[in-house]
Each structure stands twice: as C-alpha cells, then as structure tokens.
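To start, the structure itself, in structure tokens.
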Amino acid sequence: MDEGEKLLRYVYWSNARETDNPTVDNKQWAGRDLTVLLCRLLLVEFFMRYDTFTVDSSKFLVGLSVTFKTVGKKAHES
Numbered sequence: 017m018d019e020g021e022k023l024l025r026y027v028y029w030s031n032a033r034e035t036d037n038p039t040v041d042n043k044q045w046a047g048r049d050l051t052v053l054l055c056r057l058l059l060v061e062f063f064m065r066y067d068t069f070t071v072d073s074s075k076f077l078v079g080l081s082v083t084f085k086t087v088g089k090k091a092h093e094s
C-alpha cells in the first residue's frame with residue numbers, strides 16, 4: 017500500500033470515509049465513483065486535445081482558484 021492509499025482513510029466524502037461503500041445508513045451518494053471516473057475522462061480529453069496551456073492560480077476563500085488563460089491545440093498527426 018503506497019502513501020496515497022494510506023491517506024485515503026482520512027478523506028471524507030459527504031457523510032463517510034472515502035474507502036467506505038455507499039449504504040442506506042451512511043447516506044453516501046451511490047454515483048460517487050461515476051463522478052471520479054467522469055472527472056478523469058475530462059482530464060484525459062483535455063490533455064489529448066491541448067498540448068500547451070497557461071493558468072493563473074490564486075487563493076479563493078477556503079481553496080484555490082485556477083483560471084485557464086491560454087490553451088494551444090495539438091497539431092493533428094497524420
């Protein structure tokens with residue numbers, strides 16, 4: 017088990033730990049795994065479509081704000 021998997025014990029998703037399965041008792045959203053999958057697919061699509069980008073990041077209330085300033089499309093490979 018690597019360090020990231022060990023730390024998952026401390027991550028909470030809505031009303032329970034990230035490593036717990038959704039049940040009626042813990043009121044977790046059953047589609048949480050689908051959300052993670054769709055976010056990963058969105059990132060894959062982004063990196064397959066664009067090869068360069070610049071971002072502006074700053075602190076925003078309790079988290080970070082990331083704004084894409086420029087994106088450069090990949091040249092089509094034949």
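If you're matching positions, the sequence shown starts at 17 in our numbering and goes up one per residue. For every residue, glycine included, the Cβ atom is placed at its ideal position computed from N, Cα and C.
Looking at C-alpha atoms only, which residue of Tyr66, Ser73 and Ser74 is the closest neighbour of Ala91? Tyr66
Can you tell me where the beta strand (DSSP E) holding Asp72 begins and where it ends? Tyr66 to Phe76
Looking at the unbroken alpha helix (DSSP H) that takes in Lys22, where does it start and where does it end? Glu19 to Leu23
Helix or strand or just coil, what does DSSP make of Thr39? coil
Work out the CA separation of Asp41 and Thr70 for me, nearest whole Å. 44 Å
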